[in-house]
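Each remark here refers to the structure printed beneath this line.
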Amino acid sequence: MTEDFKTLEFKNGKLVLIDQRKLPSSLEYAEASSVEDVYFAIKDMIVRGAPLIGAVAAYGAYFAAVEAKGDKNVFNKKLSYLLSSRPTAVNLSWALERQKRIAENTGLDPSALLKEALAIEDEDRKVNRKLSRYGSEVIKENANVLTHCNAGALATCGWGTALGVIKEAYCQGKNIHVYADETRPRLQGARLTSWELVRAGIPATLIPDSAAATLIREGKIDVIVLGADRITLNGDVANKLGTFPLSIIAKEYNIPFYSAAPISTIDFSLEEGKDIPIEERSKDEVIKIEDYYVAPKEIIVFNPSFDVTPHENITGIITEQGIIYPPFKENILKLKKELC
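Using this note's numbering, read the sequence shown as starting at 600 and increasing by one per residue.
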């Protein structure tokens, strides 16, 4: 199976991105050729998903180097601006720090930063395929798989993490069925995951978020696989809002619960999930669907984009280096040592 679309592509001095706000109604593209364009693409969710945000930010650093014209102070301010676009996904800071080191070592040479951005993009595709092969072992023949939000090619530079695991299992010939949560309030599961599943030809059913508990209780879910936006040393996972309650139900009914993410999504500087900054987004995402109000304008809204699932509720963390099992802190620190 190969993707029939590119989530991002750098050509003719511009970064071409699928405008994910338009899916599934139409497949349209947006262009970014400045730091401001990249900031908007991330902030307004033209692109989303931790690995993709990181890769797009890496190209933003290239544009920053071009715009800075050798001025390190200007360059650093532009990187800080990009960093402020979305606070929870650690891949954003990971990619910008990586580009900052390149800038320091090359005297702020834009061509070097462009080369690094291209490398980050290419690495992400390879990492996703590798972790998907490891993760496919948790999906057995005839399994019913539940996933939440979108962790497919659209959340990465290609193939995907959690959805990549599912696609790999399907490519191996396993007879599987996928249940995709709609994922309120922006409906990434309905708009994006469903779109990817249909294009891949994988048997799937879209469900309201609130239907997941009933399916689990009735024994219709065998395994849950979803992504991550930040993972701490103790194995706590920040992911799309709704992941935490799903993990509680899974634990109650002994359903294996896996998070799939590249090692770049592990924040080795944070001990536990309570330290993760959680982004809160506009009330309009909750009270409006496109231009139509589904709630009174005056109502107060609480709209965190993510929640934190405690490590006690997680069976394993699927990475390109294999599956990390409890004790998470001990094994994550061991992985860190091996990487160094």
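Glycine included, every Cβ here is placed at the ideal spot set by N, Cα and C.
None of the values given here were measured: they were computed from a predicted structure.
Length of the line joining the Cα atoms of residue i and residue j
i, j, result
"A803", "P925", "31 Å"
"L707", "V689", "23 Å"
"Q787", "D808", "11 Å"
"E878", "C770", "35 Å"
"T705", "A711", "7 Å"
"G751", "E929", "29 Å"
"K773", "E740", "5 Å"
"L730", "G763", "8 Å"
"A629", "R685", "19 Å"
"S625", "D906", "30 Å"
"L1012", "S904", "The shown model of the chain, from 600 to 939, leaves out residue 1012, and the question about it has no answer."
"F843", "A779", "16 Å"
"H910", "A656", "29 Å"
"E666", "Q698", "15 Å"
"I847", "S735", "23 Å"
"I823", "K621", "28 Å"
"T914", "T606", "30 Å"
"I701", "F674", "12 Å"
"A718", "E608", "12 Å"
"A694", "C939", "18 Å"
"F927", "T908", "13 Å"
"A716", "Y658", "5 Å"
"K896", "K676", "36 Å"
"G669", "E722", "28 Å"
"D636", "K642", "10 Å"
Nonlocal neighbours in the same chain, by C-beta distance under 7 Å from residue i, ignoring five residues either side
i, result
"G612", "S632"
"Q619", "M644, I645, V646, R647, L753, L791"
"R829", "T687, A688, V689, A837, T864, D866, I875"
"R816", "Y852"
"E593", "The structure shown has nothing for residue 593, since the chain only spans 600 to 939."
"I585", "No statement about residue 585 is possible, as the shown extent of the chain runs from 600 to 939 and does not include it."
"K935", "F867"
"Q920", "I862, L934"
Element boundaries [beta strand (DSSP E), containing residue i]
i, result
"I917", "915-918"
"V900", "Premise fails: V900 is in no beta strand (DSSP E) and is neither H nor E."
"N838", "836-839"
"T804", "803-806"
"T746", "743-746"
"K613", "613-617"
"L786", "No beta strand (DSSP E) contains L786, which DSSP labels as neither H nor E."
"I823", "822-825"
Element boundaries [alpha helix (DSSP H), containing residue i]
i, result
"E608", "Element bounds for E608: not the alpha helix (DSSP H) but the beta strand (DSSP E), 607-610."
"K773", "Note, K773: premise wrong, no alpha helix (DSSP H); not H, not E."
"L682", "671-682"
"A629", "No alpha helix (DSSP H) contains A629, which is instead part of the beta strand (DSSP E) from 628-631."
"T760", "Taken as a continuous stretch (DSSP letters only), T760 belongs to no alpha helix (DSSP H), as it is neither H nor E."
"L791", "Note, L791: premise wrong, no alpha helix (DSSP H); not H, not E."
"P650", "649-667"
"A754", "Note, A754: premise wrong, no alpha helix (DSSP H); not H, not E."
"F639", "634-642"
"A812", "811-816"
Close-in-space but distant-in-sequence residues of the same chain around residue i (CB under 6 Å, 5 per side omitted)
i, result
"E720", "A654, C756"
"H776", "N743, P802"
"I916", "S858, I923"
"R728", "W758"
"K850", "N912"
Integer Cβ distance of residue i from residue j, believed to fall under 8 Å
i, j, result
"C748", "N838", "7 Å"
"S858", "G826", "7 Å"
"P861", "V737", "Their Cβ separation, rounded to whole angstroms, is 17 Å, which puts P861 and V737 out of contact at 8 Å."
"T831", "G872", "5 Å"
"W758", "R732", "11 Å between Cβ atoms; not a contact."
"Y892", "I899", "In fact, because the Cβ distance is near 15 Å, the residues do not count as touching under 8 Å."
"P709", "A664", "4 Å"
"I806", "E781", "7 Å"
"L678", "A660", "6 Å"
"P623", "W794", "4 Å"
"L845", "A811", "6 Å"
Beta-carbon proximity list for residue i, same chain, < 8 Å, skipping 5 on both sides
i, result
"A799", "M600, K766, Y769"
"Y680", "V634, Y638"
"S692", "L682"
Check: residue i C-beta below 6 Å from any heavy atom of the ligand FMN
i, result
"R790", "No copy of the ligand FMN appears in this structure; indeed no ligand is present at all."
Chain C within 7 Å of residue i, Cβ atoms only
i, result
"T908", "Absent here is chain C; the protein component of the structure consists of one chain."
Unbroken stretches of the beta strand (DSSP E), 3 residues or longer, contained in the segment 692-739: none
Contiguous alpha helix (DSSP H) assignments of at least 4 residues, all confined to the segment 851-939: 883-886, 927-938
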